[in-house]
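Taking it in order: structure first as structure tokens, then the write-up.
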Amino acid sequence: MLTEQGCRARRERLWKLAPAELEWIVITDPRHLIYFAAFAPSPFVFNTQGAGGSLILGRDGSAILVADNVQEPYADAAFVTERVLPVWYRCVEAAGSRLELLAHETLKRLLDCPGNAIGYEAPTCPAALADGIRASRAGVQLVNIEPLIHQLRRAKDPDEVALIRRALIAATAGLRAAMHEVRPGLTELDVYRLVQRAAGEAAGRQVLIYGDFVSGARCDTGGGVPSGRTIQAGELVLLDFSAVIDGYRGDFCNTFVCHGQPSAKQREMFEACAAAMTAGEQQLRPGVPAKQVFAAVRHELETRGYAKYFPHHAGHGIGLGHPEAPFFVPESSETVVVGDVVTLEPGLYIPDVGGMRFERDYLITATGFESLSDHPIGFVE
465 MLTEQGCRAR RERLWKLAPA ELEWIVITDP RHLIYFAAFA PSPFVFNTQG AGGSLILGRD
525 GSAILVADNV QEPYADAAFV TERVLPVWYR CVEAAGSRLE LLAHETLKRL LDCPGNAIGY
585 EAPTCPAALA DGIRASRAGV QLVNIEPLIH QLRRAKDPDE VALIRRALIA ATAGLRAAMH
645 EVRPGLTELD VYRLVQRAAG EAAGRQVLIY GDFVSGARCD TGGGVPSGRT IQAGELVLLD
705 FSAVIDGYRG DFCNTFVCHG QPSAKQREMF EACAAAMTAG EQQLRPGVPA KQVFAAVRHE
765 LETRGYAKYF PHHAGHGIGL GHPEAPFFVP ESSETVVVGD VVTLEPGLYI PDVGGMRFER
825 DYLITATGFE SLSDHPIGFV E
């Protein structure tokens, strides 16, 4: 999980960016409750379904977490100065609205927070909370600080990178299991279950797995959810998935053959993708425009006559979101910065020949990049 030192440092950086008139900020995006406080309720239990939370940050360093009683184990693990856990459900009375309870308790705590300017996250703040703040004090100004948080999230801290590494280790175990155990007669759902089991065993805990699990002609479309389609010998299998641990994820892709060998054309396509990935890697350093990374990947495919079969981005950032900045696309105005965690994912999709994609993860350093993913790339391991 994230560290107390990391959470405190991120809160301090937020205050350095926040407008001077703000003394209080209310965080409501679940991803940012993780980011600033390591409040990460499990998605695998009933008592977190439909749950919410808020984090009241003070310029004085205070951090007040507002959740509810059934989230107590996760609140206890959060790095905050105070926890407010009103009773939502105790198996005695019927449960009411969790969001209304959250808004009410957050407003109660804000009554003790003087000032007429409060920072909030406009896209995720419940209307009941925003309206309540406006009604609670005359002339109050709500300032949307969400863009500042997304700016902060670009450069990952060491504790964030450590979680991404853990997620990638789990995902790699899943991919290796799929490549070793896939055989004719299994379905795409069977492959998904292989990945899920191996990733969980490697992580020593439940791991959320999502992404593309396709085979045969379904590879030509670039991806999709796992289906009951039966995989045949000699078919391509495209796996592009993420493992998520405490909100952070790795994201990679490989395409391989089920009990067979690729055709000469498929080998040529793989070589083009591998060369495109290398071309993109040569651009991964601070200060490089994101669109330049895209151009390098596409140019390599174009020189080999494959550009028209490359329909998507060349990669993107990952972390709490997927995808997130920077975006390696032709019209991006972003620039690569130290601390970015990014992917490169060249792919080619030719009907009746095959569809394939290959993806790695990288940490941008002061001098270039460090490869974070160590998974098999290519038709066989």
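Numbering of the sequence shown is given in our numbering, commencing with residue 465 and proceeding in unit increments.
Glycine residues also receive a C-beta, built at the ideal position from the N, C-alpha and C atoms.
These numbers come from a predicted model, not from an experiment.
Is DSSP giving residue i helix, strand or coil here?
i: W552; result: coil
i: G470; result: helix
i: N718; result: strand
i: R495; result: helix
i: R647; result: coil
i: A825; result: According to the sequence displayed, residue 825 carries Asp and not Ala. DSSP places D825 in strand when its eight states are reduced to three.
i: F791; result: strand
i: I782; result: coil
i: T742; result: helix
i: A581; result: strand
i: Q725; result: coil
i: Y770; result: coil
i: G686; result: coil
i: I628; result: helix
i: I841; result: coil
i: V671; result: coil
i: G514; result: coil
i: V509; result: coil
i: G818; result: strand
Could you tell me which residues DSSP pairs with residue i in its beta bridges?
i: F500; result: The partner list for F500 (beta bridge, DSSP) is empty, contrary to what the question assumes.
i: E753; result: The sequence shown places Pro at residue 753, not Glu. According to DSSP, which records beta bridges pairwise, P753 is partnered with T799.
i: S679; result: V701
i: L808; result: R824
i: I528; result: I520 and E546
i: S835; result: Y826
i: R713; result: V708
i: T694; result: T651
i: V607; result: G583
i: I489; result: L521 and G583
i: Y813; result: G819
In terms of alpha-carbon separation, which member of the options lies closest to residue i?
i: T512; options: D532, G785, L519 and G525; result: D532
i: G522; options: Y538, E610, P775 and I491; result: I491
i: P790; options: L808, I814, D710 and V625; result: L808
i: P690; options: Y674, Q747 and A663; result: Y674
i: V721; options: R731, Y712 and D715; result: R731
i: G668; options: A581, A707 and D595; result: A707
i: L639; options: A666, H614 and G649; result: A666
i: N718; options: V844, Q615, I609 and P611; result: V844
i: D684; options: Y773, R762, I597 and P648; result: Y773
i: S796; options: C555, T651 and K755; result: K755
i: R554; options: R562, C577, V534 and D576; result: V534
i: K572; options: L784, F510, A599 and G514; result: A599
i: T651; options: G514, E610 and E699; result: E699
CB residue i to CB residue j, shorter than 7 angstroms?
i: A778; j: G744; result: yes
i: D710; j: L627; result: yes
i: V678; j: G688; result: yes
i: M741; j: P810; result: yes
i: A637; j: A663; result: yes
i: G724; j: A760; result: no
i: V544; j: A527; result: yes
i: D676; j: D715; result: no
i: V846; j: V752; result: Coverage of the chain is limited to positions 465 through 845, which leaves residue 846 absent and any answer about it impossible.
i: L748; j: F833; result: yes
i: V607; j: N580; result: no
i: V530; j: T588; result: no
i: F758; j: F792; result: yes
i: G803; j: A619; result: yes
i: R713; j: A591; result: no
i: A482; j: G583; result: yes
i: A501; j: L519; result: yes
i: L653; j: G692; result: yes
i: H786; j: I613; result: no
i: A567; j: L593; result: yes
i: D623; j: L466; result: yes
i: Q615; j: F508; result: no
i: L836; j: Y770; result: no
Let me confirm a value: residue i is counted as buried when at least 16 other C-beta atoms fall within 10 Å, else exposed. Which label applies?
i: V646; result: buried
i: Q469; result: exposed
i: D493; result: buried
i: H644; result: exposed
i: E485; result: exposed
i: E823; result: buried
i: V659; result: buried
i: D621; result: buried
i: P505; result: buried
i: E564; result: exposed
i: C737; result: buried
i: D825; result: buried
i: G783; result: buried
i: A602; result: exposed
Does the beta carbon of residue i sit closer than 7 angstroms to a beta carbon anywhere in chain C?
i: S691; result: Structure shown: chain C not included; a single protein chain is present.
What I want to know is whether the C-beta of residue i ends up closer than 6 angstroms to one or more non-hydrogen atoms of the ligand GDP.
i: V801; result: The model depicted lacks the ligand GDP and carries no ligand whatsoever.
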